[in-house]
Amino acid sequence: MAPTIRLRAATTLASMRITVFRRLMADEFGATRAEMLAKDHVLSGLGGRTVEEALEAGVSAKEIWKQVCTEFEVPAERR
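Its first residue numbered 12, the sequence shown is counted upward by one per residue in the working numbering.
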């Protein structure tokens with residue numbers, strides 16, 4: 012019997028890859044600050060969670076990015 016190979020579903024812009032999200036964060040805030048924000052900053056739009064807590068809870072990276080952009084007033088052209 013052949014082994015079963017599990018593939019993750021292809022991700023589109025409708026659901027952003029976490030690696031893309033992390034790159035956007037680093038591009039916007041710098042690598043160090045992005046990391047600190049993800050761990051420490053509580054976002055009301057994420058139910059009072061940090062980015063890391065929201066990711067662990069299964070919130071989509073795209074939704075988290077939208078909330079980060081709103082909270083930090085990221086210009087539309089960089090969203």
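Ideal Cβ placement from N, Cα and C applies to all residues, glycine included. These figures come from a predicted structure and were not determined experimentally.
query	result
State the DSSP-derived secondary structure class of residue 23, mapped to helix, strand or coil.	For residue 23, the predicted model reports a pLDDT of 40, less than 50, meaning its position is unreliable and no value from the coordinates is stated.
If residue 26 and residue 73 are in contact, beta carbons under 8 Å, what's the gap, nearest whole angstrom?	6 Å
By DSSP, does residue 90 sit in helix, in strand, or in coil?	coil
Exposed or buried, what is residue 75 when buried is set at 16 or more other beta-carbons lying within 10 Å of its beta-carbon?	buried
Helix, strand or coil: which one does DSSP assign to residue 60?	strand
Take residue 50 and list the residues in its own chain whose beta-carbon comes closer than 8 Å to its own, dropping the five residues that flank it on each side.	61, 62 and 63
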